[in-house]
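Number of protein chains: 2
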Amino acid sequence: MGSDATPPASQEPVTLLDVAREAHVSPATVSRILNGTAKVAESKRKAVEDAIARLKFRPNLFARSLKTGITMTVGVLTQSIQSPFYAHALKGIEDGFEASGHASLIVSGHWDAAIELNAVRLLMERRVDGLIILTGSMKDSEVLEVATRLPVVITERKLEGPNVRSIQLDQFHGGYMATQHLLGLGHTRIAHIKGVAGRADSEDRYLGYLKAHQDAKVPVDPVLLVQGDFTDIGGLNAMNQLLDNHIAFTAVFGANDESALGARLALYRRGLHVPNDVSIIGFDDLPSSVFMTPPMTSIRQPTYEVGRYSAHTLLNMMGYPMDEVLVPKLELVVRETTSAVARLKV
Amino acid sequence: MGSDATPPASQEPVTLLDVAREAHVSPATVSRILNGTAKVAESKRKAVEDAIARLKFRPNLFARSLKTGITMTVGVLTQSIQSPFYAHALKGIEDGFEASGHASLIVSGHWDAAIELNAVRLLMERRVDGLIILTGSMKDSEVLEVATRLPVVITERKLEGPNVRSIQLDQFHGGYMATQHLLGLGHTRIAHIKGVAGRADSEDRYLGYLKAHQDAKVPVDPVLLVQGDFTDIGGLNAMNQLLDNHIAFTAVFGANDESALGARLALYRRGLHVPNDVSIIGFDDLPSSVFMTPPMTSIRQPTYEVGRYSAHTLLNMMGYPMDEVLVPKLELVVRETTSAVARLKV
DNA sequence: TTGAAAGCGCTAACAC
DNA sequence: GTGTTAGCGCTTTCAA
Chain A
1 MGSDATPPAS QEPVTLLDVA REAHVSPATV SRILNGTAKV AESKRKAVED AIARLKFRPN
61 LFARSLKTGI TMTVGVLTQS IQSPFYAHAL KGIEDGFEAS GHASLIVSGH WDAAIELNAV
121 RLLMERRVDG LIILTGSMKD SEVLEVATRL PVVITERKLE GPNVRSIQLD QFHGGYMATQ
181 HLLGLGHTRI AHIKGVAGRA DSEDRYLGYL KAHQDAKVPV DPVLLVQGDF TDIGGLNAMN
241 QLLDNHIAFT AVFGANDESA LGARLALYRR GLHVPNDVSI IGFDDLPSSV FMTPPMTSIR
301 QPTYEVGRYS AHTLLNMMGY PMDEVLVPKL ELVVRETTSA VARLKV
Chain B
1 MGSDATPPAS QEPVTLLDVA REAHVSPATV SRILNGTAKV AESKRKAVED AIARLKFRPN
61 LFARSLKTGI TMTVGVLTQS IQSPFYAHAL KGIEDGFEAS GHASLIVSGH WDAAIELNAV
121 RLLMERRVDG LIILTGSMKD SEVLEVATRL PVVITERKLE GPNVRSIQLD QFHGGYMATQ
181 HLLGLGHTRI AHIKGVAGRA DSEDRYLGYL KAHQDAKVPV DPVLLVQGDF TDIGGLNAMN
241 QLLDNHIAFT AVFGANDESA LGARLALYRR GLHVPNDVSI IGFDDLPSSV FMTPPMTSIR
301 QPTYEVGRYS AHTLLNMMGY PMDEVLVPKL ELVVRETTSA VARLKV
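Line by line, the protein sequences give chains A and B.
Note that UniProt numbering gives residue 113 to position 113 of the first sequence, counting from 1, and the numbers run on in steps of one.
Note that UniProt numbering gives residue 279 to position 279 of the second sequence, counting from 1, and the numbers run on in steps of one.
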């Protein structure tokens, strides 16, 4: 007996009705005490609380949801559960919902609009009370459509509507700061490993790069631009391409830290020193960038705060008053992969 | 109108009853078609399917759950949603449940038994059909207790019971392999940065380190042992401690990649070359270790597979036959941070 | 094969 | 204040 097969769950579930009987009150009274919906005599409250403790009663959230339509569950559409970048946002969301009693259902969209839409549908079938979309490629119109059914908060996009809030960081300015930093160090030939083509963040960072050059009256040589894809391997390939083509440059701006990390390895392979031969700056400031050798200069994105902000904002929209969380601006974090351009070429 | 306040969700929900009416059949028939519970006349099936499509009907999972007790939701207790190590397992779990229609509720235990227990309780209140525990510090007895109510799969622990399956990788052997690799390279003074004290994985890897020395008849000098905590900063501190105390060593085995990464930075700060001056080996083989400079030798843990394995095993326990997934053994991945010990000390 | 009817466990009018 | 009652949307006997 009790060998391999899964045995039936033992304990019979105890219901609100059991509690009511045990405490000699009506089910309605128990419900009222549970939810604080109305005044209840102290004696009954005590009896009910005792009964709950004695019976170890836990209300069935499903029954409640069926009745109220409220599931106390929110949906979170992330892009990849493995991405260190989104992980921070998820942590912020987790913390943001900490005290509210809401659970979150996390689904991954893999930067594919069709998958995302499907994932959102799945969440809606599960009757989530609200939705947080971490970036993604759904059309504005699709998001708006979803928002007719539940409140949504979306990041990295400007989209306000009846039931939608959004938060967008200034990626353009980030790209500008990164480039300006390099320019300030005397670099005039700054390569740029672009992010995934067509994505707004890639584009904005690139535009910042361009504008910084323009303001500094430094021309941008198109050969300095290489396509990356926000991955380390993409960064590696991009850097190799630059090197193989014998492009002259003294600094690189990676569209994100992962690209920069890949580029840094490519440089290492060719025996190029960072920052003496080439300065590198990344974007995102992932935790691991602090432990690169040498530690990497980057643009810090307040991803964690964006997560908390999203959670609190959604809570507000769902009718739970929360103080709005402040999201700091992007910030240049100077470490050791960037230095003044070498005065003389050997 | 339609200004700032959240407007009421527009569409009225369409229920199974609506479908039944629309298709001129009874609700029971609709239910039967939905679940394939019984044979239904082809004509009615057609009518119902049409009605479903026309009305865009989506069954209410909550109502179903209330009736059947099945939520199609599983709980996943991870330790930190931010950890790159667990992220892989989560991805495996996500993929493992891909086709089954189960959603997973992810909660974090932060390596704290009390928090874990609380998180598990929360999951149980939400009536998850099963539970995956990714390591953690709950007592065996507590896990067994939980398992009286729902099937559980737990990783990195040996614990079999009526309603429990577990999977444990051979951390001892991993520690052994890492050390053996270094020993084989001629190193005889191998420092070890230990993991969190008291955790089984830390201990097992350390024991493997010891056994490898013993088998190679190389004595272990206790001064080579330093306490880390599985974090990069912990690894950095541990290495600084070694260096500050002028301990002589030619190689380091970090209890995990993060420790090794921290140690590597400490070495860099002192101008020590890896691997010429000091060889380093990590453990876990995080994706980022491939992009260290130089790329780090490590012990690969099949974390993703463990995640998939857990999902499939749980599915099996819950009555959904799945082929068991094969979890490969730990594996030494030799990269460039380890090399033969320098013949002569300068 | 199909329908009627009785709930699953809870909440919310509505009375008292 | 408190109890009675009628469902929320679905599944599942039980008859037909």
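The C-beta atom is built at its ideal place from N, Cα and C for all residues, glycine as well.
Could one say the Cβ of residue i lies closer than 8 Å to chain A's Cβ atoms, at least one of them?
| i | result |
| --- | --- |
| Q79 of chain B | no |
| R270 of chain B | no |
| S259 of chain B | no |
| H88 of chain B | yes |
| T29 of chain B | no |
| G174 of chain B | no |
| E94 of chain B | yes |
| F291 of chain B | yes |
| T337 of chain B | no |
| G234 of chain B | no |
| P84 of chain B | yes |
| L117 of chain B | no |
Quick one: what does DSSP say residue i is sitting in, helix, strand or coil?
| i | result |
| --- | --- |
| Q241 of chain B | helix |
| H102 of chain A | coil |
| G208 of chain B | helix |
| Q214 of chain B | helix |
| Q227 of chain A | strand |
| E94 of chain A | helix |
| S339 of chain A | coil |
| A197 of chain B | coil |
| A263 of chain A | helix |
| R300 of chain B | strand |
| P328 of chain B | coil |
| L77 of chain A | strand |
| A114 of chain A | helix |
| S288 of chain A | helix |
| S26 of chain B | coil |
| F253 of chain A | strand |
| H246 of chain A | coil |
| V107 of chain A | strand |
| A41 of chain B | coil |
| D333 of chain B | The identity of residue 333 of chain B in the sequence shown is Val, whereas the question assumes Asp. Three-state DSSP puts V333 of chain B in a strand. |
| I70 of chain A | coil |
| H187 of chain B | coil |
Would you please verify whether the beta carbon of residue i is less than 8 Å from any beta carbon of chain B?
| i | result |
| --- | --- |
| Q301 of chain A | no |
| G2 of chain A | The predicted position of G2 of chain A is uncertain, since its pLDDT is 32 and thus under 50; no value can be drawn from it. |
| A63 of chain A | yes |
| F230 of chain A | no |
| A9 of chain A | Bear in mind that the predicted position of A9 of chain A carries a pLDDT of just 41, short of 50, making it unreliable; the figure below should be weighed with that in mind. True, the Cβ-Cβ gap to chain B drops below 8 Å. |
| E125 of chain A | yes |
| P275 of chain A | no |
| residue 355 of chain A | Any question about residue 355 of chain A goes unanswered here, given that chain A covers just 1 to 346. |
| S288 of chain A | yes |
| S108 of chain A | yes |
| P321 of chain A | no |
| N60 of chain A | yes |
| R308 of chain A | no |
| K91 of chain A | yes |
Give the C-beta separation of residue i and residue j to the nearest angstrom, bearing in mind that I take them to be a contact with Cβ-Cβ under 8 Å.
| i | j | result |
| --- | --- | --- |
| S80 of chain B | S108 of chain B | 6 Å |
| A340 of chain A | L185 of chain A | 5 Å |
| residue 435 of chain B | L182 of chain B | Outside the shown range of chain B, which is 1 to 346, sits residue 435 of chain B, and nothing can be said about it. |
| V327 of chain A | I167 of chain A | 7 Å |
| A260 of chain B | I281 of chain B | 7 Å |
| G262 of chain A | D284 of chain A | Incorrect: roughly 14 Å between the Cβ atoms, too far for contact. |
| G92 of chain A | E305 of chain A | 6 Å |
Whose CA, out of the options, lies closest to the CA of residue i?
| i | options | result |
| --- | --- | --- |
| N35 of chain A | A:R157, A:D285, A:S289 and A:E49 | A:E49 |
| N240 of chain B | B:A114, B:A266, B:V325 and B:V220 | B:A266 |
| A51 of chain A | A:S31, A:P27, A:K39 and A:E22 | A:E22 |
| G75 of chain A | A:G130, A:S288, A:A87 and A:H110 | A:G130 |
| V164 of chain A | A:E156, A:T68 and A:V152 | A:V152 |
| R64 of chain A | B:L315, B:D215, B:E125 and B:Y268 | B:E125 |
| V296 of chain B | B:V278, B:S100 and B:V196 | The amino acid occupying residue 296 of chain B in the given sequence is Met; Val does not appear at that position. Out of B:V278, B:S100 and B:V196, B:V278 has the C-alpha closest to the C-alpha of M296 of chain B. |
| A114 of chain B | B:A311, B:H88 and B:E142 | B:E142 |
| T293 of chain A | A:Y268, A:Q301 and A:P302 | A:Y268 |
- Query: In chain order, which alpha helix (DSSP H) runs of at least 4 residues are fully inside the segment 124-181 of chain A?
  - Reply: For the segment 124-181 of chain A, whole alpha helix (DSSP H) runs of length 4 or above, ordered along the chain, are 140-146.
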